[in-house]
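Q: My questions all concern the structure below.
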Amino acid sequence: MSATDLVKLALTHPLEFRTLLQYKIWYEPKRDITSPEEHATTGFDRESMRTCWDFLDKTSRSFAPVIKELDSVLARVICIFYLVLRGLDTVEDDMTIPLDVKEPILRSFHQKLYEPGWNFTESGPEEKDRHLLVKFHAVIDEFLLLDDECKKVIADITKKMGNGMADYCAAAERGQSGVEDIKDFDLYCHFVAGLVGEGLSGLFAATKLEKPFIADQLELSNSMGLFLQKTNILRDYREDVDLGREFWPMSLVKQQGFNSRADLKEPGNEEKALWVISSMVLDALRHAPDVLDYLALLKNQSVFNFAAIPQVHAIATLEACFMNPDILHKNVKIRKAAAVKILMTIRNPRDVAEKFVFYSRKIHEKLSPADPNFIKLSVALSRIEQWTERRFPSLLQFVAGHIDIKKSDKRYITFAEQEKLVSERNDAEKAARIAKDGSFDPDSTASADQVPWSLTKGFNLLDNDQDQEKRMSTEEDKIDLKIKNLQKSAINLTKISKNLLKSDDLSFQKSIDSGFSSRCEEIEDGVVDNINQLIGFINNKSRHLDADDLTGDSKAVGELVDQLLEDSSINIDKHTNNYNKPTLAKELEPSIFNDKSIQRKPQLKWSSSIDNSDSPWKPLLTHKPNAKADLTWTTVDDRLSHPYQIEIESIKYPAQQLKTQTPIKQGDFNQTPFKWIDNEESLNYLLDRLSTATEIAIDLEHHDFRSYRGFVCLMQISIRGEDFIIDTLELRDQLIKLNDTFTNPAIVKVFHGADSDIVWLQRDFGVYIVNMFDTYHATKVLGFSQHSLASLLIKFCGYTPDKRYQRADWRKRPLTNKMLEYARSDTHYLLYIYDMLRNTLIEKSSKKNDMLKDVLQRSEQVSLKTHHRDPYDYDTGKGFGGWYNLATKWNKVVEPPLLEVFRRLHQWRDQIARKEDESVHVIFSNHQLYDLALKQPKTPQEITNVFQKKVPQFVRIHLKDVAQCINSGVEFAKNNSDKLPARVVPKSLLQPNNVHLPFKTGLDFDLWNINQSNSANSASQTSLSTSTRSKLFGEDSTKQAPQASTSKLFGDVTTTVLPKKSKTMDSISSSFKLISLIPHSTSNTEYDLEAFDEYKRPITQKAPPMPARVDEVLKEDKQKMEQEKKENEDSSMAEVPYKSKAERMADNIPIDAGITADDIATIGRQPEKKRKRKDKGEKKEKANAKDKSDKKDKKGKLEVPEFNYDNEESVLDRPLDDLSQSTKKPKKQRIKANLEGQFRRPGSSKTMQSSGNRSHTFKK
């Protein structure tokens, strides 16, 4: 350090400056390797070993001092071990050595250790440790002098590490970086540093300085190496990037939207780069508890110092790197004075724990809630404190510096006593040094050799199993006591609640005790006032509510609560940035959907001619990338085979695709790079970017309005952190190059609803897909209620796309900003949605139901689809674009003569569309086709009149051809009736449902096989039997419960009974009979019953007589409804007279015959009057009475006009609303009875059902 650096250190960190002076002036190494007394163990008397010690000083300034202080022969052994691995690492890091030279050296390096005189001189001239390899024969000479057990440990670790490094170098040479995720990072660090930890543990045991079991702690030893190596990789970021070495896991880099590790250092990327650094620190900290566990096992002081000091340096370096942007531009290291202080103060596990806690708290102070790893880092840091608290419970309190400790605390007393003992030993050591040479180290502390190990191991007398069980038992007793007290309180509360009055008893008590009633009303008024006050806080304009408004089904409070919930949901969305402010939808410009500015069709400039014929399609693929089998074309069922069928069916999915991964959310559109691809140069750039991706999102925009078969206008592609849109109109002939990436099974291609996309890619570009994940099928397997991409964007990303652009004219150039945004949105968030769906599929899968496998299999079936052309079949009308399916959609039975004209027009439209390369709808629409076939105009002028507004362009050009087509069809139908096609029945008539039933020649009302009389007025006895099949609803799958033939209560159950007149099947509504008798149809349409043979069934009994006239049926219905209405009004709330048993048993006795006022017993209570609403009730009763009198006056004046069945349309052809109004039963009027009683009506019980169970099966 320069003088300026020393002055700066003294001013900024005086304690560290003091420590540095102490180290320089007073610190004495434990041993001097150059001393003749140490030559037996250090080998310094040999030239080769002196060279090795010299190499150690040159290659490692941090490890050399601690290695030299190791006891006995271990210092020399570790020195040789370090130099061997350093030489191996130098070969691996040297980027100037070709792979064909480097790989064999790495794999055979362990064998070179047994070859005296071997060295390596092919390292680059700038390699900093080149001199070590040039004189490596000195290291080999000393290696051969070691014990066999030590040589075996070193050679074994060297072999494993060399093979691991060779594998990594080979993968890097192929462009496949071996560090893609945390798992790969751990594996790389294991080969580079974890094996070093295992080797050191083996050497500790081999030299007998530690117990043999230490060599078996492989997991802890590995964590020791990983903690150091990950810290070094974090610290050396800039150096590694400049030299072309990239070790940071790519998954952590991609999480923040970066495409490469080098992008982190670019200007403007600092904030997100800090989050990546945070992830790296988090990954390293997960090894800290293992490091502390390992160090606690070591017993030898020199071994402990050697292992512990670098680990404390590592945690200090992590703290220096955390949230430090300087790491992006230079190596960040701890100050030398801080390193010296660590070297001088670390003596036991307690010291290490203190430093780990100290630096972990400094990391936590820098932690920001905006950090994506905020919670995970907090947990990782807390684990260090938890480890320390378990072993040194007093330490955390002293480190914190702000917790008061009572002098009676047993832990404090123990700590104070042991500190006193250590202090006394230190004083004795100081006195001894003064007596020896008159100097001493003022900050020296007792070594572990001077202080008993039991004192350095821990300070918590309670930290043993027995005391822990004692504490735990005490806590459990307290919890049990609290639970018992809670149970007692609950029991007492239950007993008290049983003594409360029930709702019925409360009403009775209020009726006999006026004081009690008034108190209840006061409480009720208070509750109502509180409710109104709360409502006023929410809506100060709401009206005042009374008790009646709050009882029963009140909507006043419910609507307010719904509004509060809605407001809460909106505010939560705003807080999570998932809220899109509703905007009024503006009408889009017509040019968006059909851009008339496009004068020349883009398909006319393509090199390949347009082929709209029915000839077999010729595949475009001539070369097959990523092939497992040769390219061959075979025909199966008139379809060409799929060229990648073998590759798709035998695919082996990448490992990362089959396991959960941290979802990587794409940034907003303005934060994500975007590139428009419309030339060969930009296409080559895209191909390079795709070759390095592991997941690709793909979507297409298709146009088929101004083309017969349609074509792809855009291809949207997104990778992690970048979006692309390909102008397929410009690069149509070059996109076959995409097969190199799109058929690569190691790259996941993510689509949504790819059924059409797969076929379009083959047809237009000759592109095929291998390894596809269709998010649509993922939503199906997961059972989502919605399956559209828009619903997924809203659900996972809070983004609502404008689906109006789905129908846009994508031929338009240049695209508007809104069109570009919509096109990008189809793939921009799709990879994040893929991450979420894949994780959900894996989490919800089981051994019997592998959901992810199911989705992949469905996606394979979609990717195996092939393009083919269905020929136009004029005779049958079947196939693609045939006339038959269109005819069945016509709401009319198409008779043969009409159908002949229809199919001729349909064929003419198809031929013109093929010739002009237009869609058939541009020639004329389906509705216009129906009109032409139905009206059959004979001249061009009549044809023009059929088109009310504007004659389509191609019809205007070919008016004579259209007229000739129609006339020839009419003429052919007249003269060739035997050659006409069979008539077509609409699908609406061929699909029976609950409304439109197919008619039959005989009508059977016995829907459930109930025997009935043929006469509707007969009262014959009917045997009630149950059938397992319903003629209306089909077969009943439920099984009949066993029934006894007799009943003790009712006697013989097979006895015939006389059913009530209103419930028999004979009294079925005449309207229902009418519906069944009259076929559903359009007016003036004749029906042939033979067209419905599939619905015929044997007639089991004679049908009821057909009503003579429809008006009689309707009149009969109306009379019945009026009679039922009158009966209901008379019986509603009527006084029920008392009848003796004999009178009750008699038949056909009128209800009110011979009853006087004395015979009447009141059975109801007068309803309780509503407070503050008396006037409203009286007004309502008067209004009801007036309406009733008006109806009686008008009742006799109603005349039914004569019904003309020939000129009237069917009842079933009316709209459903009209039909329901004509047959709907009038609503009953509630009549208030004037009942007498001494007590008020009791309040309704809130636990009782408020209304009866009513079936809504036939409710409209």
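For the sequence shown, this note's numbering begins at 5 and goes up steadily by one.
All C-beta atoms, glycine included, are put in the ideal place defined by N, C-alpha and C.
Using the DSSP secondary-structure output, state which residues sit across from T639 in a beta bridge.
A: Answer by DSSP bridge pairing, in chain order: L644.
Q: As a quick exercise: from I730, G725, W680, S722, pick the residue whose alpha carbon is nearest that of V716.
A: With distances taken between Cα atoms, V716 lies closest to I730.
Q: Inspect the CB distances between the region 355-373 and the region 303-321 and report whether three or more fall short of 8 Å.
A: In short, these stretches touch, since the Cβ pair count reaches three.
Q: Would L332 and A384 be called neighbours here (beta carbons separated by less than 8 Å)?
A: No. Outside cutoff.
Q: Given a cut-off of 8 Å on the beta-carbon distance, is the pair L635 and P647 in contact?
A: A contact, by the Cβ cut-off of 8 Å.
Q: Cutting at 7 Å between CB atoms, please list the residues of its own chain near W1278, excluding the five before and the five after it.
A: Past the edges of the chain, shown from 5 to 1264, lies residue 1278, and the structure says nothing about it.
Q: Please name the residue or residues paired with H706 in a DSSP beta bridge.
A: According to DSSP, which records beta bridges pairwise, H706 is partnered with V716.
Q: To the nearest angstrom, how far is the alpha carbon of H194 from that of S760?
A: Those two C-alpha atoms are separated by around 47 Å.
Q: Identify, in the order they occur along the chain, each residue of the same chain with its Cβ nearer than 8 Å to the Cβ of D744, setting aside the five sequence neighbours on each side.
A: Closer than 8 Å at the Cβ level, and outside the excluded window around D744, lie P629, N630, L691, S695.
Q: Taking the C-alpha atoms as reference points, what is the distance between I186 and P253?
A: Computed Cα separation, rounded: 6 Å.
Q: Can G886 and D877 be called in contact, C-beta distance under 8 Å?
A: Their beta carbons are under 8 Å apart, which means G886 touches D877 by this criterion.
Q: Under a Cβ-count criterion, where at least 16 other Cβ atoms within 10 Å of its own Cβ denotes burial, should R80 be classed as buried or exposed?
A: Buried, because 16 or more other Cβ atoms sit within 10 Å of the Cβ of R80.
Q: Looking at G203 and I161, is the spacing between their C-beta atoms short of 8 Å?
A: In contact: I161 and G203 (Cβ atoms closer than 8 Å).
Q: For E214, which residues from the same chain have a beta carbon less than 7 Å from its beta carbon, with the 5 sequence-adjacent residues on both sides left out?
A: Excluding residues within five positions, the ones whose Cβ falls inside 7 Å are F208, L302, K303, N304, V307.
Q: Give the single residue among V905, T948, A44 whose Cα lies nearest to the Cα of L984.
A: Among V905, T948, A44, the Cα nearest to that of L984 belongs to V905.
Q: Just to confirm, is the Cβ distance from S722 to A701 under 8 Å?
A: Yes, these two residues count as a Cβ contact at 8 Å.
Q: Of the choices M327, D98, P875, Q911, whose alpha-carbon is the least far from that of L247?
A: Of M327, D98, P875, Q911, the residue nearest in Cα terms is D98.
Q: Taking the straight line between their C-alpha atoms, what separation do you get for F769 and P373?
A: Computed Cα separation, rounded: 49 Å.
Q: Going by other Cβ atoms of all chains shown within 10 Å of its Cβ, with 16 needed for buried, is I1164 buried or exposed?
A: Unreliable positioning characterises I1164 in this predicted model, as indicated by a pLDDT of 44, which lies under 50. A coordinate reading is not provided.
Q: With a cut-off of 8 Å, do at least 3 Cβ pairs link the region 50-69 to the region 126-145?
A: Contact between the region 50-69 and the region 126-145 is present, because at least three Cβ pairs lie under 8 Å.
Q: Are the beta-carbon atoms belonging to C801 and Y826 less than 8 Å from one another?
A: In this structure, Y826 does not lie closer than 8 Å to C801 by Cβ.
Q: Would you mind working out which of N980, L742, A292, P108 sits nearest V316, comparing C-alpha positions?
A: It is A292.
Q: May I ask you to verify whether the region 793-811 touches the region 831-849, counting CB pairs closer than 8 Å and requiring at least 3?
A: Because the criterion of three Cβ pairs below 8 Å is met, the region 793-811 and the region 831-849 touch.
Q: Classify V105: buried if its beta carbon has 16 or more other beta carbons within 10 angstroms, exposed otherwise.
A: Exposed, because fewer than 16 other Cβ atoms sit within 10 Å of the Cβ of V105.
Q: Nearest by alpha-carbon distance to I762: which of H706, L299, V361, Y712 is it?
A: It is H706.
Q: Mind checking which residues open and close the alpha helix (DSSP H) that includes K359?
A: First-last of the alpha helix (DSSP H) with K359: 353-370.
Q: State whether the region 908-915 contacts the region 945-957, with contact taken as three or more CB pairs (one from each stretch) at a distance under 8 Å.
A: They do not touch, by the three-pair rule.
Q: Does DSSP put V785 in a helix, a strand or coil?
A: The answer is helix: DSSP assigns V785 an H, G or I state.
Q: State buried or exposed for D566, treating a residue as buried only when at least 16 other CB atoms are found within 10 Å of its CB.
A: D566 comes out exposed.
Q: Apply the 10 Å Cβ neighbour rule to V138 and answer buried if 16 or more other Cβ atoms are within range, or exposed otherwise.
A: Classification of V138: exposed, given that the 10 Å Cβ count is below 16.
Q: Please state whether DSSP places V157 in a helix, a strand or coil.
A: Reduced to three states, the DSSP call for V157 is helix.
Q: Have a look at S923 and V959 and give me their C-alpha separation to the nearest angstrom.
A: Whole-angstrom Cα-Cα distance: 14 Å.
Q: For the alpha helix (DSSP H) containing V898, list its first residue and its last residue.
A: First-last for V898: undefined, no H or E at that position.
Q: Going along the chain, which unbroken runs of the alpha helix (DSSP H) with 4 or more residues stay wholly within the region 236-294?
A: You should have 241-246, 254-259, 274-289.
Q: Cβ of E126 within 8 Å of Cβ of L110?
A: Cβ distance not < 8 Å, so E126 and L110 don't count as in contact.
Q: Would you report the Cα separation of T943 and A967, rounded to the nearest angstrom?
A: Rounded to the nearest angstrom, the two C-alpha atoms are 6 Å apart.
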